[in-house]
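Written below as structure tokens is the structure these notes are about.
In the working numbering, the protein residues as written are 1 to 423.
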């Protein structure tokens with residue numbers, strides 16, 4: 001195993017000309033583009049399927065999965081490039097691609113063209129995801145990085161809360177293609193904001209040369225650093241549960257529980273649970289620590305998920321019980337996601353861009369695959385989703401236990417004696 005990369009600790013955003021509040025809002029908005037591109041179309045999936053003559057209703061989930069595949073895979077490319085050429089040019093290029101792909105989505109005339117456009121849109125949005133986390137890592141480390149990430153998560157989680165409602169409102173007054181028009185406008189607005197307000201956070205002296213050897217070395221360091229690898233895989237599994245819910249949410253609430261156009265409201269209640277958790281996490285993480293808070297949250301996540309699976313299989317499917325337990329598990333996800341990302345990124349130092357790209361690739365693509373499996377097994381009941389949450393959560397807990405060598409809930413992580421120099 002390679003040892004974690006050493007890095008200096010920064011306690012303040014190291015670039016003048018942008019306030020802390022604007023910094024958090026901008027980073028959150030960049031990351032929110034991804035949530036908007038996924039959740040806003042949930043109410044439109046039946047109309048898209050009908051317009052594109054999709055015979056199997058589960059196949060409409062591919063509109064989400066195609067985006068996630070492009071979003072996950074492209075992150076391997078953006079990380080090394082941003083480490084070499086800086087954050088701004090990569091970010092602006094990705095935002096431009098996101099907007100262009102949105103235009104092609106508007107005019108797609110069959111399912112294959114729409115899926116191709118969504119794939120490219122995901123590729124474009126991968127740049128904001130990688131660069132946003134890299135910018136935070138450029139500026140913070142340790143518990144302060146965890147606090148910033150929690151604040152960012154809290155702000156950008158407002159988007160998935162309201163996105164399905166926005167999508168539903170659009171469908172009341174316009175055809176489903178207007179949803180892609182809104183995504184295009186969002187990409188253009190973020191492009192203008194970043195081009196005019198966001199400074200470069202990676203000085204030329206800290207940039208890494210682009211070569212096959214250096215990139216492979218950085219990849220190798222990332223995947224062979226025990227803590228990074230373990231938390232990366234665990235995060236991917238938890239994301240798999242989340243993506244499984246997102247992929248099948250419209251079918252579960254509209255077809256299984258028959259709540260109709262009230263679906264965005266119920267989805268918003270569940271999303272509010274995640275957002276409130278990030279707010280609480282931001283206030284607690286510096287006092288309690290990343291590991292104790294996230295480890296206890298994961299244990300509780302597994303326990304509630306198992307209860308939900310038992311209820312779904314042996315007792316009965318009830319809208320209120322299902323929604324309550326799902327809200328609790330996703331509330332716990334709000335503690336797990338940002339903390340696990342911060343723990344995984346902390347050892348990577350000077351290869352933050354490449355490390356973030358590998359982290360995003362594994363967690364998003366792995367989560368998309370796991371979520372797709374859960375979604376494709378939708379059978380008119382909540383059992384596949386409940387089993388997915390319980391299974392993925394249990395495996396993630398085992399991985400974290402192994403990664404920490406059995407020392408869960410520790411306040412601090414001792415530094416290794418054989419620390420390696422930067423790659």
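Beta carbons are placed, not taken as given, at the ideal position from N, Cα and C, and that holds for glycine.
- Of the residues 31, 116, 389, the one whose Cα lies closest to the Cα of residue 194 is 31.
- Straight across, the Cα-Cα distance linking residue 324 with residue 408 is about 28 Å.
- Going by DSSP, residue 193 is part of the alpha helix (DSSP H) stretching over 177–197.
- A direct Cα-to-Cα measurement between residue 23 and residue 356 gives close to 19 Å.
- Residue state for residue 265 is assigned as helix, using DSSP reduced to three classes.
- Cβ-Cβ separation between residue 40 and residue 163: approximately 4 Å, consistent with a contact (criterion under 8 Å).
- Between residue 331 and residue 273, the C-beta gap is smaller than 7 Å, which places the two residues in contact.
- CA-to-CA, the gap between residue 383 and residue 309 works out to about 7 Å.
- Setting aside the 5 residues that flank it on each side, residue 18 is surrounded in the same chain by 26, 197, 198, 199, each with a C-beta closer than 8 Å to its C-beta; the list follows chain order.
- Look at residue 346 here: in three-state DSSP terms it is helix.
- Comparing alpha carbon positions, the residue from 358, 120, 177 closest to residue 216 is 358.
- DSSP, reduced to helix, strand and coil, places residue 118 within a helical segment of the structure shown.
- If the five residues before and after residue 241 are omitted, its C-beta is found closer than 7 Å to the C-beta atoms of 388, 389, 392, 393, all from its own chain and listed in chain order.
- Annotation: residue 44 to residue 257 spans about 18 Å, alpha carbon to alpha carbon.
- Between the beta-carbon of residue 71 and that of residue 125 there is about 6 Å, and that keeps the pair under the 8 Å contact cut.
- With 16 or more neighbouring CB atoms inside 10 Å of its own CB, residue 234 falls in the buried class.
- Pairing residue 93 with residue 225, the inter-Cα distance amounts to about 30 Å.
- Restricted to the stretch 236–319, the alpha helix (DSSP H) segments that are unbroken, complete and at least 4 residues in length are 263–288, 290–310, listed in chain order.
- An exposed status is given to residue 220, since fewer than 16 other beta-carbon atoms sit within 10 Å of its beta-carbon.
- A direct Cα-to-Cα measurement between residue 187 and residue 314 gives close to 46 Å.
- Here residue 131 is near residue 91, since their CB atoms are less than 7 Å apart.
- Proximity of the stretch 92–110 to the stretch 176–184 meets the contact definition, three or more beta-carbon pairs being nearer than 8 Å.
- Residue state for residue 207 is assigned as coil, using DSSP reduced to three classes.
- Each residue's CA atom was taken as its position, placing residue 123 and residue 303 some 36 Å apart.
- Excluding its 5 nearest sequence neighbours in each direction, residue 295 has C-beta neighbours in its own chain below 6 Å: 408, 409, listed in chain order.
- Linking residue 362 to residue 238 through their CA atoms gives a straight-line distance of about 12 Å.
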